[in-house]
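S.K.: Residue numbers (numbering that gives the first Met the number 0): 0 to 176.
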Amino acid sequence: MKAQVASFVICLCLAVGMMPTVAKAYCVGWDKEVPNYDPDYYSVSHEFRRSKYVIRAKVIRETWLGEDAKPKPLKPPFQFHSPRPWGFDPYVGAYYDVKVEEALKGRPPAVLRLFNENSTSRFWLKPGSEWVLFVTDETFDELMGVQATANTCGNMQALPKGASVLRAARQLAELEH
């Protein structure tokens with residue numbers, strides 16, 4: 000009897016632990032409990048300094064990648080009835096090819112490929128939309144390795160809404176020259 004109860008409790012714990020939940024992205028600089036907390040970590044000037052490239056870019060292509068990191072068409076339904084994968088669907092992430100319209104920091108190629116991991120902190124870039132992006136190289140799992148990406152916790156914004164971020168980045172670019 001004790002073995003049956005123990006088995007039931009273990010199965011119940013496993014079932015509850017595997018249920019989908021909404022997770023928040025962990026953004027480095029916001030946690031006041033962490034040593035070296037910096038309330039300005041995500042200011043435009045700090046993010047500008049940390050970035051490899053700061054660009055104004057137009058999204059030209061979105062390519063979803065299956066769990067084998069090969070292109071895979073989107074096939075709904077997705078978690079939480081989302082219009083796109085959201086963390087636990089069978090996709091490793093997406094590549095976004097963006098045409099660099101203006102380089103504010105660095106010398107990026109004319110078309111830059113950004114990787115966006117399929118996680119609950121992912122970003123979606125709609126083809127045809129224009130963005131101000133702060134690009135860094137990040138290390139992902141063994142399958143994806145090092146990829147250029149944008150930080151969802153930072154100042155990336157769609158234009159024209161992000162016009163003030165773009166102005167601030169242009170001012171910082173002027174100061175660097």
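Just so you know, even glycine gets a beta-carbon here, dropped at the ideal spot from N, CA and C.
If you check the beta carbons only, do residue 59 and residue 98 fall under 7 Å apart?
M.R.: Here the question's residue 59 lines up with position 60 in the sequence shown. Here the question's residue 98 lines up with position 99 in the sequence shown. Yes.
S.K.: Under the three-state reduction of DSSP, which class applies to residue 99: helix, strand or coil?
M.R.: Translated into the one-based positions of the sequence shown, residue 99 becomes position 100. The answer is strand: DSSP assigns residue 99 an E or B state.
S.K.: By the 10 Å Cβ neighbour count, where 16 or more other Cβ atoms means buried, how is residue 8 classified, buried or exposed?
M.R.: To locate residue 8, count along the sequence shown from 1; it is residue 9. Note that residue 8 scores a pLDDT of 38, beneath 50, so its modelled location is shaky; the value from the coordinates is reported in the next line. Exposed: under 16 other Cβ atoms inside 10 Å.
S.K.: Can you tell me whether residue 162 is buried or exposed, with buried defined as 16 or more other CB within 10 angstroms of its CB?
M.R.: On the sequence shown, residue 162 is found 163 positions in, with the first residue counted as 1. With fewer than 16 Cβ atoms within 10 Å of its Cβ, residue 162 is classed as exposed.
S.K.: Quick one: residues in its chain with C-beta nearer than 7 Å to the C-beta of residue 170, no 5 flanking neighbours on either side, listed in chain order?
M.R.: In the sequence shown, residue 170 corresponds to position 171, counting from 1. So no residue of the chain qualifies.
S.K.: Could you tell me if residue 50 is buried or exposed, where buried requires 16 or more neighbouring beta carbons within 10 angstroms of its beta carbon?
M.R.: Counting from one through the sequence shown, the residue named residue 50 turns up at place 51. Counting Cβ neighbours within 10 Å, residue 50 comes out buried, since at least 16 surround it.
S.K.: Do you know whose CA, among 77, 152, 74, 86, lies nearest residue 135's CA?
M.R.: Here the question's residue 135 lines up with position 136 in the sequence shown. When each option's Cα is compared against that of residue 135, the closest is 152.
S.K.: Go through its chain and collect everything with a Cβ distance to residue 116's Cβ below 8 Å, but skip five positions before and after it.
M.R.: Within the sequence shown, residue 116 is the residue found at index 117, counting from 1. 91, 92, 139, 143, 148.
S.K.: Alpha carbon to alpha carbon, how far is residue 89 from residue 101?
M.R.: Working through the sequence shown from its first residue, we reach residue 89 at position 90. Working through the sequence shown from its first residue, we reach residue 101 at position 102. Taking the straight line from one Cα to the other gives about 35 Å.
S.K.: May I have the straight-line CA-CA distance separating residue 131 from residue 67, to the nearest angstrom?
M.R.: Here residue 131 refers to the residue found at position 132 when the sequence shown is read from its first residue. Here residue 67 refers to the residue found at position 68 when the sequence shown is read from its first residue. The straight-line gap from Cα to Cα measures roughly 30 Å.
S.K.: Whose C-beta lies closer than 6 Å to the C-beta of residue 81 among residues of the same chain, with five residues either side of it excluded?
M.R.: Numbered from its first residue, the sequence shown carries residue 81 at position 82. Around residue 81: no qualifying Cβ.
S.K.: Take residue 38 and list the residues in its own chain whose beta-carbon comes closer than 6 Å to its own, dropping the five residues that flank it on each side.
M.R.: The residue you call residue 38 lines up with position 39 of the sequence shown. Excluding sequence neighbours, residue 38 sits near nothing in its chain.
S.K.: According to DSSP, is residue 33 part of a helix, a strand, or is it coil?
M.R.: Numbered from its first residue, the sequence shown carries residue 33 at position 34. Of the three classes helix, strand and coil, the one that applies to residue 33 here is coil, per DSSP.
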